[in-house]
Amino acid sequence: MSLRSNPLDELSIPDGTTVEEHDLVTDGDVLLGGRATVEFGVRGRNVLAGEGVRFGGDIEAEADCRLDMWCDVEGNVLVGRDAYLGERVHVGGQLMVSGDLDIGDDVDIEEGFEANGWIVIRNPMPTIVFLYVYLTQLLRIGEEDAAERILEEFVDEDEPERDPLVVPRNGTVSDDAWRVSTPARIGDGCRLHGNVRAEEITVGEDNNIFGSLRAREDIVIGQGTRIHGDVTTRGGTVAIADGARVLGDVSCQNLELEDGATVDGTMRASGEVTMQRDRQPRDPE
Numbered sequence: 001m002s003l004r005s006n007p008l009d010e011l012s013i014p015d016g017t018t019v020e021e022h023d024l025v026t027d028g029d030v031l032l033g034g035r036a037t038v039e040f041g042v043r044g045r046n047v048l049a050g051e052g053v054r055f056g057g058d059i060e061a062e063a064d065c066r067l068d069m070w071c072d073v074e075g076n077v078l079v080g081r082d083a084y085l086g087e088r089v090h091v092g093g094q095l096m097v098s099g100d101l102d103i104g105d106d107v108d109i110e111e112g113f114e115a116n117g118w119i120v121i122r123n124p125m126p127t128i129v130f131l132y133v134y135l136t137q138l139l140r141i142g143e144e145d146a147a148e149r150i151l152e153e154f155v156d157e158d159e160p161e162r163d164p165l166v167v168p169r170n171g172t173v174s175d176d177a178w179r180v181s182t183p184a185r186i187g188d189g190c191r192l193h194g195n196v197r198a199e200e201i202t203v204g205e206d207n208n209i210f211g212s213l214r215a216r217e218d219i220v221i222g223q224g225t226r227i228h229g230d231v232t233t234r235g236g237t238v239a240i241a242d243g244a245r246v247l248g249d250v251s252c253q254n255l256e257l258e259d260g261a262t263v264d265g266t267m268r269a270s271g272e273v274t275m276q277r278d279r280q281p282r283d284p285e
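Just so it is clear: in the sequence shown, position 251 is 251 by full-length UniProt numbering, and no numbers are missing.
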């Protein structure tokens, strides 16, 4: 993952992410900023949550799981390696850990816990908060190379590089809406449920989004993507690529349509409407 721009200041959904029976599923890591709310269960490699994050289902972490203080998990927490729970974390179900468990004061696990490795009761360092702050400071002073080295040490060297799923601070993810006050970026081949609300939205190729898109600024929709709802921006441009389809209405300042783009509903643009006749081929794999 490149840190040439700050990846922690946007909603970032990596390629192939899906919502399956109320679980948010991704092959890579899951990073959740403080006070975020995810009304799904979460399945990923490493799951790391900042202070006060709320989960509406189970957590299944293939590798490590770290929950900072005041996190609330409605269901079970299943961890393939080590787990770190800060003080006053609440788990509504069971905690099952294949490796070591580092646990803080006043942690409430309603249905008990089991760890195959060492169990240490103390207040673990809130690593996710430290990571956010440290990387942000390095990026602010222009030390991108140092930030990338820190992140490479943090992730597993024996695992293939995958972009993480990132929900920024105070973001909300649910069946109803994916709501953030930052930009949102959705990769390729995703299947998501819920309306996306963000500062600006970039959607990759071959996605199915069962909801609408609304942004203050620009919205870009990639080739082969289907939006099962409206696309609205207050003052930005909506760009719809060849083969993409919007099943609802489009409302924007400026509208850019590639040849082969489809809008089933009404198109409203207060500024310019541009029709791009020359089909742009996809980049080779």
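Think of the CB as a built atom: it goes at the ideal place given N, C-alpha and C, for glycine as much as any other residue.
- For M69, no beta strand (DSSP E) segment is defined, and its DSSP state is neither H nor E.
- Inter-segment contact for the region 183-200 and the region 46-60 is absent: fewer than three beta-carbon pairs are separated by less than 8 Å.
- With a threshold of 16 other beta carbon atoms within 10 Å, E205 meets it and is buried.
- Contact between the region 37-49 and the region 206-221 is absent: fewer than three C-beta pairs spanning the two stretches fall below 8 Å.
- A177 and E74 have their C-alpha atoms roughly 19 Å apart.
- Looking at the backbone, the Cα of R268 and that of T274 are separated by about 13 Å.
- Considering only A36, V231, N46, the residue with the shortest C-alpha distance to I201 is V231.
- Looking at the DSSP output, H193 shares a beta bridge with F210.
- When secondary structure is reduced to three states using DSSP, R140 falls in the helix class.
- Contact annotation, L78 with G104: C-beta distance approximately 20 Å; criterion of less than 8 Å not satisfied.
- Classified as buried, V203 has 16 or more neighbouring CB atoms from the shown chains inside 10 Å of its CB.
- T237 and A115 have their C-alpha atoms roughly 52 Å apart.
- For A239, the enclosing beta strand (DSSP E) has its first and last residue at 237-240.
- L32 has its alpha-carbon roughly 16 Å from the corresponding atom of A83.
- In the DSSP assignment, W178 falls within the unbroken beta strand (DSSP E) covering 177-179.
- Secondary structure note for L32: its beta strand (DSSP E) is the uninterrupted segment 30-32.
- Around the CB of D242, 16 or more other CB atoms lie within 10 Å, so the residue is classed as buried.
- A Cβ-Cβ separation of about 5 Å places N46 in contact with D64 under the 8 Å criterion.
- The C-beta of G229 has 16 or more other C-beta atoms within 10 Å across all chains shown, which makes the residue buried.
- Where R185 is concerned, the enclosing beta strand (DSSP E) starts and stops at 184-186.
- Between the alpha carbons of M96 and D68 lies a gap of roughly 17 Å.
- Cβ-Cβ distances below 7 Å link S174 to E39, G194 in the same chain, with the five nearest sequence neighbours on each side left out; the list follows chain order.
- Closest by C-alpha distance to D264, out of G271, R277, W70, I227, is I227.
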